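*Asks:* A single structure is presented below for examination.
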Amino acid sequence: MARGSNRTGVEENTLAILESIEADDTQDANDDRLAFLEAVSAASFAPEIPVPPTSKMYEAVFQILRVGNSLELMMSSYQLLSDLDKHFPQVYVSKSSAGESHELVVADEVWSPFTISSDVASNTRRAGRENSGGPLDFSGFTLLIEELAEVANVKSVKEMKTEHLRNMLLFQYLAHFLEGDFLPRNIMYEETMNWTILRESLLNMLLGSRRMNYKNLMKDCLSILCELYHVHTGISNDHEYLENSIVKPSEDCNTALAFAFLEVGKSTCIAMQKLLITIMELDSSKKIADIKGQTTRTDGVRTPLLEIILDELTYNVDILWPFLQVFNQPKWKLEIIVQYFLKYTAKPSIRARRSNGSVDDATFNGLLNSFSNDTSAKNIVKKINIGTIQLLLAHGFQAHLSLSSQHIEGILDSKDEQTESSLVEICKNMICAFQCLRRTDEKMEILPIVREALFTAATILSTN
Amino acid sequence: MLQFSSALIQSGVDGLPTRSGSVKYINQIIVAMLSKAAASASKFQFWRFTLTKFRIWHHFTSNRETTESLIMDLDAPLDFENDDPLLPSPAVNKKRKKIIGAKAQKDYDSDEDENDKEALLSNIVNSCQNQMEDIKVEEEISEWGLQVFGNQKKPPHLDFPKRGSCSLLQSFINNEINTLVELTTDEGETFFEGLLVNGWLSKLVLSSCEVEKSIANWTFNLILYSSKEELRESACEFWCAILSCKNEIDSLPVKIDWFPSFSELNKALVAYGFSYDFSSTGKSVSTDSGCRGPPKNLIAWLKFVAACCRVRSKKSIFSTKEAENLVEVVTCLFLDHQLQGLSVILYECMHSAISYFTDQEWDTSCEKIAKSLACRVPKDLNCLRIVDCISGVNNRCKHLRSAVAYQILVVLFSNKATSEEEILNLLIKINVKDKSCDLFRMYIYLLLTENWLLSYPKLEEKPVINEMWGVYLRSCSCLISSTDMRPYASKVRNKASYLLQGPTNK
Numbered sequence: 001m002a003r004g005s006n007r008t009g010v011e012e013n014t015l016a017i018l019e020s021i022e023a024d025d026t027q028d029a030n031d032d033r034l035a036f037l038e039a040v041s042a043a044s045f046a047p048e049i050p051v052p053p054t055s056k057m058y059e060a061v062f063q064i065l066r067v068g069n070s071l072e073l074m075m076s077s078y079q080l081l082s083d084l085d086k087h088f089p090q091v092y093v094s095k096s097s098a099g100e101s102h103e104l105v106v107a108d109e110v111w112s113p114f115t116i117s118s119d120v121a122s123n124t125r126r127a128g129r130e131n132s133g134g135p136l137d138f139s140g141f142t143l144l145i146e147e148l149a150e151v152a153n154v155k156s157v158k159e160m161k162t163e164h165l166r167n168m169l170l171f172q173y174l175a176h177f178l179e180g181d182f183l184p185r186n187i188m189y190e191e192t193m194n195w196t197i198l199r200e201s202l203l204n205m206l207l208g209s210r211r212m213n214y215k216n217l218m219k220d221c222l223s224i225l226c227e228l229y230h231v232h233t234g235i236s237n238d239h240e241y242l243e244n245s246i247v248k249p250s251e252d253c254n255t256a257l258a259f260a261f262l263e264v265g266k267s268t269c270i271a272m273q274k275l276l277i278t279i280m281e282l283d284s285s286k287k288i289a290d291i292k293g294q295t296t297r298t299d300g301v302r303t304p305l306l307e308i309i310l311d312e313l314t315y316n317v318d319i320l321w322p323f324l325q326v327f328n329q330p331k332w333k334l335e336i337i338v339q340y341f342l343k344y345t346a347k348p349s350i351r352a353r354r355s356n357g358s359v360d361d362a363t364f365n366g367l368l369n370s371f372s373n374d375t376s377a378k379n380i381v382k383k384i385n386i387g388t389i390q391l392l393l394a395h396g397f398q399a400h401l402s403l404s405s406q407h408i409e410g411i412l413d414s415k416d417e418q419t420e421s422s423l424v425e426i427c428k429n430m431i432c433a434f435q436c437l438r439r440t441d442e443k444m445e446i447l448p449i450v451r452e453a454l455f456t457a458a459t460i461l462s463t464n
Numbered sequence: 001m002l003q004f005s006s007a008l009i010q011s012g013v014d015g016l017p018t019r020s021g022s023v024k025y026i027n028q029i030i031v032a033m034l035s036k037a038a039a040s041a042s043k044f045q046f047w048r049f050t051l052t053k054f055r056i057w058h059h060f061t062s063n064r065e066t067t068e069s070l071i072m073d074l075d076a077p078l079d080f081e082n083d084d085p086l087l088p089s090p091a092v093n094k095k096r097k098k099i100i101g102a103k104a105q106k107d108y109d110s111d112e113d114e115n116d117k118e119a120l121l122s123n124i125v126n127s128c129q130n131q132m133e134d135i136k137v138e139e140e141i142s143e144w145g146l147q148v149f150g151n152q153k154k155p156p157h158l159d160f161p162k163r164g165s166c167s168l169l170q171s172f173i174n175n176e177i178n179t180l181v182e183l184t185t186d187e188g189e190t191f192f193e194g195l196l197v198n199g200w201l202s203k204l205v206l207s208s209c210e211v212e213k214s215i216a217n218w219t220f221n222l223i224l225y226s227s228k229e230e231l232r233e234s235a236c237e238f239w240c241a242i243l244s245c246k247n248e249i250d251s252l253p254v255k256i257d258w259f260p261s262f263s264e265l266n267k268a269l270v271a272y273g274f275s276y277d278f279s280s281t282g283k284s285v286s287t288d289s290g291c292r293g294p295p296k297n298l299i300a301w302l303k304f305v306a307a308c309c310r311v312r313s314k315k316s317i318f319s320t321k322e323a324e325n326l327v328e329v330v331t332c333l334f335l336d337h338q339l340q341g342l343s344v345i346l347y348e349c350m351h352s353a354i355s356y357f358t359d360q361e362w363d364t365s366c367e368k369i370a371k372s373l374a375c376r377v378p379k380d381l382n383c384l385r386i387v388d389c390i391s392g393v394n395n396r397c398k399h400l401r402s403a404v405a406y407q408i409l410v411v412l413f414s415n416k417a418t419s420e421e422e423i424l425n426l427l428i429k430i431n432v433k434d435k436s437c438d439l440f441r442m443y444i445y446l447l448l449t450e451n452w453l454l455s456y457p458k459l460e461e462k463p464v465i466n467e468m469w470g471v472y473l474r475s476c477s478c479l480i481s482s483t484d485m486r487p488y489a490s491k492v493r494n495k496a497s498y499l500l501q502g503p504t505n506k
């Protein structure tokens with residue numbers, strides 16, 4: 001109780017710093033905001049046992065991130081929110097007193113950057129919401145994604161704006177927040193098979209909102225992921241800019257923005273990938289819940305993200321290359337690649353059975369095996385463009401290597417199906433597949449990434 | 001009048017016309033006062049004062065009084081001369097002077113018609129009013145920020161390992177699978193760049209558990225000097241992957257034939273234009289040659305250093321002294337405005353570098369780092385920035401933050417104080433009511449002391465420190481009145497009363 005009253009005092013004192021702000025956009029006002037961030041940080045971390053800020057304090061920090069107009073304010077508020085989340089997770093798994101089993105702990109006073117309310121309520125509130133700086137509702141999240149798509153269209157350093165940066169930072173924070181809320185719940189779900197835990201996850205509620213066009217949103221996310229990769233590598237090689245950077249104080253700002261863009265752009269890519277992976281994890285858990293009959297009609301039906309991605313990769317050829325280049329989480333990458341092939345090659349019955357993962361075709365090694373004889377290789381080439389096949393196999397091989405090195409490191413469970421085939425076998429089959437493809441098409445031009453893959457396979461074979 | 005003119009002459013305006021009463025003269029006064037205001041880092045109150053004078057003056061001249069008698073009447077003391085410039089940053093001053101000077105000059109030229117005094121004077125008053133608004137906005141902007149990087153040096157030429165020195169390439173050429181790949185030694189560099197960018201190289205190394213010298217050296221140089229983002233980023237990821245592989249506890253799982261040294265990292269930093277000599281790079285950077293650093297390689301440099309620091313338990317890449325040096329460098333990078341957007345990796349790098357030390361080393365090293373930083377950092381808002389950027393999220397950071405704040409205080413008092421109590425004593429002795437009291441300095445003292453005591457480990461053992469801190473805070477919060485118009489008066493007062501009520505003052 002003593003701690004509680006102390007926290008209220010801290011809250012009043014720190015928020016008073018903000019209340020004194022009169023004019024909005026002056027340096028003084030920004031100084032006060034920075035002073036506030038410092039004060040929150042000091043109040044939270046300086047005590048021997050760190051004390052989490054109150055909801056109101058969280059909210060004020062978040063507001064600075066949402067409407068702050070200087071680079072310093074954005075970076076500081078983002079940093080503070082990340083630090084706070086790291087130290088005071090709102091949801092976590094803890095060992096229960098009984099011993100073996102775990103339990104889910106949800107913090108007493110939960111603050112969330114999202115407002116979850118019934119769809120009707122959020123509808124009426126929407127009018128006054130624009131840029132108020134408060135928590136986002138579902139349409140606010142959609143809006144943010146749309147604005148991120150704008151960032152992804154930035155072609156040169158000159159077009160960069162501070163708002164772009166803010167949107168990226170905001171998105172990163174939200175993506176981390178959603179993940180932080182989901183992961184412990186998912187662990188608990190796997191242990192207890194209690195769907196309610198996941199049903200109440202922010203992500204599930206967000207995606208289930210009828211106010212959101214889920215499919216379009218996911219497509220936007222996917223294209224942002226691919227575009228940002230281009231922007232990121234493009235801008236960093238914008239030499240015109242570097243060469244012109246003769247020292248003028250006014251250019252400090254541009255250089256700062258360019259540096260920020262380079263780094264924040266990259267971390268936004270990572271955050272976007274994380275969001276997609278988290279959604280796919282949620283989808284798999286939901287599928288299990290569906291099968292076990294734990295879901296009800298109120299849970300709604302949603303196309304699994306994996307299917308949306310597969311459709312996009314199939315029908316939007318332009319994003320296949322950047323997607324494979326940027327998406328580097330091996331487990332899901334391998335899954336996507338294997339499913340991509342199965343879409344073309346598998347009989348419907350096999351696809352249906354795929355859920356339990358027992359079908360050999362559904363592993364990468366199984367996939368390589370289907371290129372092991374000329375007839376079946378020819379069949380696949382008839383269905384899928386040879387360039388696409390090369391690209392997918394090379395990336396699949398790499399994802400498999402990543403998985404097996406994680407396997408060695410003990411990060412993954414030994415029962416993981418994808419790593420069961422030995423490394424040597426995979427390397428052999430990889431080379432064999434391409435020898436087979438070459439026989440089916442003498443003039444086949446081998447892609448650079450495939451040459452690299454084969455070099456790797458051959459070198460691994462010769463050293464083992 | 002005399003006082004007025006003498007003020008102008010003191011402020012460095014030469015060649016004032018002796019003839020008074022001319023509109024031109026008044027205009028000149030405005031210009032002069034504007035520059036004066038700029039030169040003294042601007043005083044909002046001063047402007048209000050000036051404006052009032054001109055209003056009255058305007059009123060009189062419209063009534064066809066002579067300006068001379070008027071100005072005589074208005075010879076109230078101008079006390080702004082007492083206020084010394086508060087350690088203004090030269091860059092800010094220059095900028096302000098330019099803006100204001102240009103505007104005023106334009107007004108002066110735009111209306112030469114001496115017959116239409118009325119219109120002109122109202123113009124003057126208006127422009128003065130506008131200037132005042134501008135000044136109000138700009139008031140008290142002195143910002144942190146230094147040019148930590150000067151001009152870049154030409155990066156060294158990057159050599160791909162010579163033919164025959166790279167066994168990875170050599171052994172493949174004769175492999176039967178090369179009939180499919182058709183690799184030749186000539187295209188070695190491009191091909192290896194592909195291997196690196198697409199992530200194959202780390203897979204090869206992790207499966208063979210060995211990195212040959214030529215590859216290690218080549219990728220390290222790409223991190224430091226390559227102009228292609230893809231290459232430096234991939235090279236950095238490659239090193240992070242081989243260093244951070246987790247399957248061994250006390251030794252690196254991958255045998256690395258060659259390790260980078262501190263001196264090479266330092267050499268790169270110098271090539272990027274880094275210099276501890278902040279003041280000289282801050283003022284005059286030659287514009288004739290080269291471009292100002294740092295290059296984007298700094299990002300990869302930071303990540304690489306962080307990765308090296310994190311493997312201390314398996315391999316000590318740096319000596320204790322070198323690690324101290326790294327912490328200092330990374331802290332100083334926070335002072336460059338250009339790098340604000342990198343704060344996330346700067347924090348990461350700083351944390352990794354701070355956790356590099358063993359517990360035995362840390363206490364001494366922390367002290368050394370703090371002393372050295374305190375000597376290097378300019379004693380203006382930059383010294384607050386440097387304390388702020390040491391985030392206090394873990395014990396070592398808190399410790400360092402407190403130590404740096406304390407050491408800066410020691411330096412600010414020209415090493416006159418030899419103990420903690422003495423520092424506080426000196427602080428308490430400052431009379432904030434005294435007009436000559438530099439409140440900007442006071443503001444810096446206050447914030448430094450706050451940070452020093454915020455996570456001061458011995459506060460429980462030394463109640464006297466806490467008591468003195470309270471006395472100091474009360475003097476700042478009670479003795480400065482809320483009508484005190486001196487710059488930083490309100491900031492000092494508000495901060496002190498916040499701290500008095502705050503949780504940190506137990």
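Protein chains in written order, with UniProt numbering: chain A, 1 to 464; chain W, 1 to 506.
Glycine residues also receive a C-beta, built at the ideal position from the N, C-alpha and C atoms.
As the structure is a prediction and not an experimental result, all values here were calculated from the model.
Under 7 Å, Cβ to Cβ, is there at least one residue of chain W near A/S358?
*Replies:* Residue placement at A/S358 cannot be trusted, given a pLDDT of 45 that sits under 50; the coordinates are not used to answer.
*Asks:* For W/S402 and W/P487, what's the separation of their Cα atoms in angstroms?
*Replies:* Answer to the nearest angstrom: the Cα atoms are 27 Å apart.
*Asks:* For W/E328, which option in W/A306, W/D336, W/R376 and W/L342 has the closest C-alpha, if you only look at C-alpha atoms?
*Replies:* The candidate whose alpha carbon is nearest that of W/E328 is W/R376.
*Asks:* Would you call the stretch 360 to 370 of chain W and the stretch 385 to 395 of chain W touching, i.e. three or more CB-CB distances under 8 Å?
*Replies:* In short, these stretches do not touch, since the Cβ pair count stays below three.
*Asks:* Tell me whether A/V317 is buried or exposed, calling it buried when 16 or more other Cβ atoms sit within 10 Å of its Cβ.
*Replies:* When all chains shown are included, A/V317 counts as exposed.
*Asks:* State yes or no: is the C-beta of A/R438 within less than 7 Å of the C-beta of A/M444?
*Replies:* In contact: A/R438 and A/M444 (Cβ atoms closer than 7 Å).
*Asks:* How about A/T456: is its C-beta nearer than 7 Å to some C-beta of chain W?
*Replies:* Judged by the 7 Å Cβ criterion, A/T456 is in contact with chain W.
*Asks:* Taking the alpha carbon of W/L158 as the point to measure from, which residue in W/S214, W/G392, W/G199 and W/G293 has its own alpha carbon closest?
*Replies:* Ranking W/S214, W/G392, W/G199 and W/G293 by Cα distance to W/L158 puts W/S214 first.
*Asks:* Check this for me: beta carbons of W/K315 and W/L252, under 7 Å apart or not?
*Replies:* Result yes, Cβ atoms of W/K315 and W/L252 sit closer than 7 Å.
*Asks:* Leaving aside the five residues before and after A/S44 along the sequence, list all residues of the same chain whose C-beta is less than 7 Å from its C-beta, in chain order.
*Replies:* Excluding positions up to five away in sequence, the list reads P50, V51, P52, P53 and L84.
*Asks:* Output the distance between the C-alpha atoms of W/Q152 and A/M74, rounded to the nearest integer angstrom.
*Replies:* Distance between the alpha carbons of W/Q152 and A/M74: 29 Å.
*Asks:* Return the residue from the list W/K368, W/L448 and W/T185 that minimises the CA-CA distance to W/E420.
*Replies:* Among W/K368, W/L448 and W/T185, the Cα nearest to that of W/E420 is on W/L448.
*Asks:* Looking only at its chain, what residues have a beta carbon closer than 6 Å to the beta carbon of A/W111, apart from the 5 residues adjacent to it on each side?
*Replies:* Counting only Cβ-Cβ distances below 6 Å, and skipping sequence neighbours, we find S55 and Y58.
*Asks:* Please list the terminal residues of the continuous alpha helix (DSSP H) segment that includes A/E312.
*Replies:* Here the alpha helix (DSSP H) through A/E312 covers L305 to Y315.
*Asks:* Please state if the CB of A/I460 and the CB of A/C436 are separated by a distance shorter than 7 Å.
*Replies:* No; because the gap between Cβ atoms is not below 7 Å, this pair is not in contact.
*Asks:* When you compare only the Cα positions, how much space is there between W/E229 and W/N126?
*Replies:* Going by the C-alpha atoms only, they are around 53 Å apart.
*Asks:* Starting from the C-beta of A/E72, find all residues in its chain whose C-beta is less than 8 Å away, skip the five residues before and the five after it, and write them out in chain order.
*Replies:* Excluding positions up to five away in sequence, the list reads N30 and L34.
*Asks:* If distances are taken between C-alpha atoms only, which option among A/E11, A/L170, A/I336 and A/Q329 comes closest to A/G134?
*Replies:* Taking only the C-alpha atoms, the option nearest A/G134 is A/L170.
*Asks:* How about W/I423 and W/A417: are their beta carbons less than 7 Å apart?
*Replies:* A contact, by the Cβ cut-off of 7 Å.
*Asks:* Would you check if there are 3 or more beta carbon pairs closer than 8 Å linking the stretch 270 to 277 of chain A to the stretch 189 to 197 of chain A?
*Replies:* Verdict: no, contact absent.
*Asks:* Report the residue from A/E38, A/T388 and A/Q79 whose alpha carbon sits nearest the alpha carbon of W/E348.
*Replies:* Closest option to W/E348, Cα to Cα, is A/Q79.
*Asks:* Can you pull the chain A residues whose beta carbon is under 7 Å from the beta carbon of W/N175, in chain order?
*Replies:* Those within 7 Å of W/N175 in chain A are A458 and S462.
*Asks:* So, is W/D380 buried or exposed, given that buried needs 16 or more other C-beta atoms within 10 angstroms?
*Replies:* Flag for W/D380 reads buried.
*Asks:* Quick check on DSSP: helix, strand or coil for A/L84?
*Replies:* Residue state, collapsed to three classes: helix.
*Asks:* Strictly by DSSP, which residues pair up with A/V106?
*Replies:* DSSP, once it has assigned bridges, lists A/V91 as partnering A/V106.
*Asks:* Kindly indicate which three-state DSSP category A/I246 falls into: helix, strand or coil?
*Replies:* Only weak support exists for where A/I246 lies, its pLDDT of 40 falling under 50; the value from the coordinates is given anyway. Three-state DSSP puts A/I246 in coil, outside helix and strand.
*Asks:* I need the boundaries of the alpha helix (DSSP H) containing W/V305, first residue and last residue.
*Replies:* Note, W/V305: alpha helix (DSSP H), N297 to R310.
*Asks:* Taking a contact to mean a Cβ-Cβ separation below 7 Å, would you say A/S76 touches A/L37 in this structure?
*Replies:* Yes, they are a contact pair.
*Asks:* How would you write the range of the alpha helix (DSSP H) that A/T295 sits in, first residue to last?
*Replies:* Where A/T295 is concerned, there is no enclosing alpha helix (DSSP H), given that its DSSP letter is neither H nor E.
*Asks:* Hey, does W/K303 have any beta-carbon neighbour from chain A nearer than 7 Å?
*Replies:* Cβ-Cβ to chain A under 7 Å: no for W/K303.
*Asks:* Excluding the 5 residues flanking A/N464 on each side, which residues of the same chain have their C-beta closer than 6 Å to its C-beta?
*Replies:* If we look at A/N464 and ignore the five residues flanking it on each side, its Cβ neighbours are V424.
*Asks:* Going by other Cβ atoms of all chains shown within 10 Å of its Cβ, with 16 needed for buried, is A/F364 buried or exposed?
*Replies:* Buried, by the Cβ-count rule.
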